[in-house]
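Colleague: Before anything else, here's the structure in question.
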Amino acid sequence: MPFTLPELPFAKDALEPHMSSRTFDFHYGKHHAGYVKKLNAGIDGTKFADMALIDIIRATAKGGENTGIFNNAAQTWNHTFFWNSMSPNGGGEPSGALADKIQASFGSLDNFKDKFADAAASQFGSGWAWLVENKGQLEIWTTSNAKTPITEDGVKPLITLDVWEHAYYLDYQNGRPDFIRAFLDHLINWEFAARNLAVE
Ligand code: FE2
């Protein structure tokens, strides 16, 4: 079965003014849709055709002749995870076990936000910023291009932010730090992060 582009978890204008409907027209409607389409074309007639998306990503993560399949599979997964990392009611503060873990790992929510913003702004070129749980500890990771923490044993992604230029250029032009701050203050979906943390 070919993969399909998942529905957005909110209306495409629901994150305005922080992320515009026009950005979704391109980022979701062209870029994400394009990764799904190229993934389907790449796996057609191969041993990957009947595999689950995560299994394709893990099986191709070492690169080599399957780099193209990896890139489109990982970008398909990363973008779906990114849309769910945001909410029209986002921002604010985490609660419960997640809040406790952020306190323990980063000292305070403000300190987490500063460290995440620095990491996301410093990722050179295209890539992603992540909050992950690694062996019980929360950590901030960045990955380049399509790379994704789900290929690492024992690492659980909780939240991601797309820092490819296509994620922010229409709304912020070259102002990546302003985009990152809007994500942290107004869009980040702490309930999604808490659900991911709770999965065994
Ligand atoms: Fe993207």
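In our numbering, each residue carries its 1-based index in the sequence shown increased by 138. From the three backbone atoms N, C-alpha and C, an ideal C-beta is built for every residue, glycine too.
1. Using only alpha-carbon positions, find the residue among Thr286, Leu143, Asp238 that is nearest to Gly274.
2. Taking the beta strand (DSSP E) that Gln275 belongs to, which residues open and close that run?
3. If you measure from each CB to the nearest heavy atom of the ligand FE2 and keep those under 6 Å, what residues do you get, in chain order?
4. Does the pairing of the region 295-314 with the region 153-160 give three or more beta-carbon distances under 8 Å?
5. Should Phe317 go down as buried or exposed, given a rule of 16 or more other Cβ atoms within 10 Å for buried?
6. Report yes if the C-beta distance between Leu153 and Phe254 is below 8 Å; otherwise report no.
7. Go through its chain and collect everything with a Cβ distance to Trp268's Cβ below 6 Å, but skip five positions before and after it.
8. With 16 as the cutoff for other CB atoms within 10 Å, does Phe262 come out buried or exposed?
9. In terms of residues, what are the limits of the alpha helix (DSSP H) holding Asn327?
10. Can you tell me which of Pro140, Val337, Tyr173 puts its alpha carbon nearest to the alpha carbon of Gly183?
11. Does Asn227 come out as helix, strand or coil in the three-state DSSP assignment?
12. Indicate the three-state DSSP secondary structure (helix, strand or coil) for Pro144 in the structure shown.
13. By the three-class DSSP mapping on this structure, what secondary structure does Val174 have?
14. How close, in whole Å, do the beta carbons of Asn209 and Ala284 come, if the pair is a contact with beta carbons under 8 Å?
15. To the nearest angstrom, how far is the alpha carbon of Pro155 from that of Tyr173?
16. With DSSP run on the structure shown, which of helix, strand or coil describes Gly265?
Modeller: Looking at the atomic coordinates:
1. For the purposes of this step, residue 274 is taken as the residue at position 136 of the sequence shown. It is Asp238.
2. The residue you call residue 275 lines up with position 137 of the sequence shown. Here the beta strand (DSSP E) through Gln275 covers 275-282.
3. His165, His169, His217, Asp300, Trp302, His304, Ala305
4. Between the region 295-314 and the region 153-160 there are three or more inter-stretch CB-CB distances shorter than 8 Å, so the stretches are counted as touching.
5. Locating residue 317 in the sequence shown gives position 179, counting from the first residue. Burial call: buried.
6. Here the question's residue 153 lines up with position 15 in the sequence shown. Here the question's residue 254 lines up with position 116 in the sequence shown. The answer is no: Cβ separation not under 8 Å.
7. Taking the first residue of the sequence shown as 1, we reach residue 268 at position 130. The beta carbon of Trp268 sits closer than 6 Å to the beta carbons of Trp279, Pro287, Pro295, Thr298 from its chain, once the five residues preceding and following it are set aside; these are given in chain order.
8. Position 124 of the sequence shown, counting from 1, holds the residue named residue 262. By the neighbour-count criterion, in which a residue is buried when 16 or more other Cβ atoms sit within 10 angstroms of its Cβ, Phe262 is exposed.
9. Along the sequence shown, one-based indexing puts residue 327 at 189. Premise fails: Asn327 is in no alpha helix (DSSP H) and is neither H nor E.
10. Here the question's residue 183 lines up with position 45 in the sequence shown. Nearest of Pro140, Val337, Tyr173 to Gly183, Cα basis: Pro140.
11. Reading the sequence shown from its first residue, position 89 is the one you call residue 227. Asn227 falls in the coil class under three-state DSSP.
12. For the purposes of this step, residue 144 is taken as the residue at position 6 of the sequence shown. Of the three classes helix, strand and coil, the one that applies to Pro144 here is coil, per DSSP.
13. Within the sequence shown, residue 174 is the residue found at index 36, counting from 1. Helix.
14. Here residue 209 is taken as the residue at index 71 of the sequence shown, counted from 1. Here residue 284 is taken as the residue at index 146 of the sequence shown, counted from 1. Their Cβ separation, rounded to whole angstroms, is 4 Å, which keeps Asn209 and Ala284 in contact under 8 Å.
15. What you label residue 155 is simply residue 17 of the sequence shown in a count that begins at 1. What you label residue 173 is simply residue 35 of the sequence shown in a count that begins at 1. Each residue's alpha carbon lies about 26 Å from the other.
16. Counted from its first residue, the sequence shown places residue 265 at position 127. Residue state, collapsed to three classes: strand.
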